[in-house]
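For the sequence shown, position 314 matches number 402 in my numbering, and the numbering has no gaps at all.
Don't be surprised by glycine CBs; every beta carbon is placed ideally from N, CA and C.
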Amino acid sequence: MDGDQLLDGLDPDQRAAVVSPGAPLAILAGPGSGKTRVLTRRIAYRTMTGSADGRHVLALTFTRRAAAELTTRLRQLGQRDRLTVGTFHAVALGMLRQRAADTGRPPPAVLAERSRLIAALLDSARRGGPNVADAVAEVDWARARLVSPETYARAAVQAGRRPSGGIGSMAEIYHRYEEAKRKRKVLDLDDLLGHLADLIEADAQFADVQRWRFRHLFVDEFQDVNPLQLRLLQLWSSGRGDLCLVGDPDQSIYAWNGADPKALREVGVTFPGATVLRLGHNHRSSPQIVRAATSVLRDGVDDQRANAITATAPDGPRPSIYGYADELAEAAGIAALIDAGRVPGAPWSHSAVLVRTNAQVPAIIEGLGRAGIPARARRAGLADEPEVRAALAIGPPADAPFGVRDWLAEIDVADSERDDGASRGPVARGDKLVTVVDVARHVLIDEPAASLAQLRQHLDGQRGLNDAVDVVTFHAAKGLEWPTVIVAGCEAGLVPHASALHPEAKAEEARLLYVAMTRAGERLHLTWSGSRAMPSGRVARQRSPLLDRIDLGEPDDPVAPPPTLHRPRSNATTHDDDVAVRLHALETWRTSAARVAQVMPSFVLPDRALASIANAAPSNEAELAAIGGIGPIAARRYGRRILEVLASVS
């Protein structure tokens, strides 16, 4: 493949971005605009035309998955040179190891799990100090923003941080954490970036070597860069203009990690003299979806920016907004929307339900299951997430007997598992910890003596579903796409999230909804619930104010009523009427029991167990315990009440 062939199939904006001589160059790439395509083709085009040497290319990403995708695409484009593609942390670690080898010093010792060290410092946590999850989150927050232990208290107050145990206590833990690392002579992941940046600033010869090796810099998803990463990037590129940044400030959704869309939106200040190009066409979504999604960004200040992208896909149906009485009715309505919009024979995986928090996932999966629609919580690879690894590391050494039940008893997640999502730490991290706890409880239902290894398998697996509707959080959906998307739970307190108290946080919530809506290619629905079960009981909910911004189309364009399922789909409801009556009674009991226990209904008994009970109609506890998926523990705990429910409808 030659340089001209690399330009085949590109639209005019994409072509201009690939061949631009601009340096530095910022490419603003909205949803569906071919961002990765342009980035990889620009790298390949420059190496093939001789304007860049592949051995001196550094392409930076923010996740290992993104780095792997870039590497694969570059190889498909014929790139066989030794390009360096990786995350900021991986590249920094490689550079520090190389320096150690060159100077005859031992390589840097990296702290494998910071939560273990922080937990060891939290001997006062049970007496009102920070919990482990909050402490790790606060350290991450501070390090990403270049906030030292000495300046943490002031910065935390200004940012409105509310760590458990108080800011003063957290400042002391942060100071002790840094001291403990110095004494042990270890670095954590953020230290890698800071230490490398310090070396570049202090050692001119080392800086020259770094800049010689990395002559051509490319950064994917630049809107996600935090101050620590930006400092290192500016040092790498100092005195050189060969820098290409690709991203979209309207998709900046990681403020918890220090990301600020201003770094890209004001790129002329960040990197003076930068050429700015925009990929102005969305090739994924219908014009109706693009119009609805971009209208969410309009805040009366920057309306022009929200109109800057044009859809190239054919016209599609008008997006819709539907309200339901409660989350159970909403889940049933979502099932009807998916069923009505599904083309006969099309995979279920062409549809997705996107939610703001993981606490919403179980009810939706249960609702889809009742309608006979296969669904899965998309969480593959979750066990490899840094914060999840940190949580799973809490406990004794690996060779000690320690199972899922022990882990749940050990980890302090009192704040993180609140269903209203009002976590005191970063929302994204709280959500992931909630997911781990949710999955752990599901595992214990089936395997009371489950090990942590089994929990990791559940976190990483898709439970054997090859074709199912994905139920995904807004954050996890970024970078993905489906023909049909339902954005669920569009209520005040969820969208925007209750933790968004400041204008900057509220603006990010609008961007987060924009990201969710632009995952849709052909059909888009938004739903909300008039009430929702919370740990404190059922709470009335209000439609999200962000829905009022959405432009659904011409006022005279009629809105279709919400569809309904005209036939039962679930295997559990296609038997005789008596089974259906028993199943309904059991579901009603389970919902009540879950509310009393302040857990999701599936934590009481999973759907498959409830269906088995309805079919078998046991008359005593022995028969109940013999049903697959129930087990003696659940039979003893709920047996009497289940038998009473069955007797009441016999």
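- In this structure, the alpha-carbon of Tyr342 lies about 28 Å from that of Pro196.
- Given a length threshold of 4 residues, each whole run of the alpha helix (DSSP H) inside the region 339-427 is given here in chain order: 350-353, 355-358, 375-383.
- Only residues of its own chain outside the window of five on either side were considered, and among them Gln311, Asp312, Ala347, Asp348, Pro349, Leu352, Glu596, Arg599 have a CB closer than 8 Å to the CB of Ser340, listed in chain order.
- Remark: fewer than three beta-carbon pairs, one from each stretch, lie closer than 8 Å, so the region 569-580 and the region 320-327 are not flagged as touching.
- In the structure shown, the three-state DSSP call for Thr572 is strand.
- Boundaries around Leu333 are those of the beta strand (DSSP E), 331-335, since no alpha helix (DSSP H) includes it.
- The three-state secondary structure of Phe302, taken from DSSP, is coil.
- Within the model, the alpha-carbon separation for Asn446 versus His563 is close to 10 Å.
- For the options Arg130, Val492, Ile718, the alpha carbon positioned closest to that of His304 is the one of Arg130.
- Around Thr172, the same chain offers Leu146 as residues with beta carbons nearer than 6 Å, after the five sequence neighbours per side are excluded.
- Counting the other CB atoms within 10 Å of its CB gives Asp101 a total of 16 or more, which places it among the buried residues.
- DSSP places His283 inside the alpha helix (DSSP H), whose first and last residues are 277-290.
- Secondary structure of Ser619 (DSSP, three-state): strand.
- Here His438 has Trp570, Pro571, Thr572 as same chain residues with Cβ atoms under 7 Å from its own Cβ, once five neighbours each way along the sequence are excluded.
- Residue pairing from DSSP places Gly491 in a beta bridge opposite Ser539.
- Each residue's CA atom was taken as its position, placing Gly727 and His672 some 17 Å apart.
- Here DSSP, grouped into helix, strand and coil, assigns Asp558 to strand.
- When the Cα atoms are used, Lys566 and Ile730 turn out to be separated by approximately 42 Å.
- Contact between Val378 and Ala396 does not hold, since their C-beta atoms are separated by about 11 Å, which reaches or exceeds 8 Å.
- Judged by DSSP secondary structure, Ile115 falls outside any alpha helix (DSSP H) and instead within the beta strand (DSSP E) spanning 113-117.
- Around Ala419, the same chain offers Ala451, Ile452, Gly455 as residues with beta carbons nearer than 6 Å, after the five sequence neighbours per side are excluded.
- A direct Cα-Cα distance of roughly 6 Å separates Gly142 from Arg170.
- Between the beta-carbon of Met183 and that of Leu284 there is about 6 Å, and that keeps the pair under the 8 Å contact cut.
- Annotated as proximal: Arg620 and Arg629, with beta-carbon spacing under 7 Å.
- With respect to the 7 Å criterion, Arg607 and Leu568 are classified as neighbours on the basis of their beta carbons.
- The three-state secondary structure of Ser439, taken from DSSP, is strand.
- Closest option to Thr615, judged by alpha-carbon separation, among Val245, Ile206, Ala417, Pro405: Ala417.
- Its Cα nearest to that of Gln167, the residue Leu158 stands out among Ala268, Leu158, Thr175.
- The alpha-carbon separation between Gly609 and Asp403 amounts to approximately 11 Å.
- When C-alpha distances from Ala459 are compared across Thr128, Gly282, Ile426, the shortest belongs to Ile426.
- Under the DSSP definition of a beta bridge, Glu579 partners with Arg631.
- For the pair Ala463 and Val560, the CB atoms are not nearer than the 7 Å cut-off.
- Closest option to Thr191, judged by alpha-carbon separation, among Asp291, Ser408, Pro651: Asp291.
- Non-local C-beta neighbours of Ala178 in its own chain, meaning closer than 6 Å and more than five positions away in sequence, are absent.
- Only residues of its own chain outside the window of five on either side were considered, and among them Ala351, Thr358 have a CB closer than 8 Å to the CB of Leu318, listed in chain order.
- Distance check between Cys332 and each of Leu589, Val245, Glu309 places Glu309 closest, using alpha-carbon atoms only.
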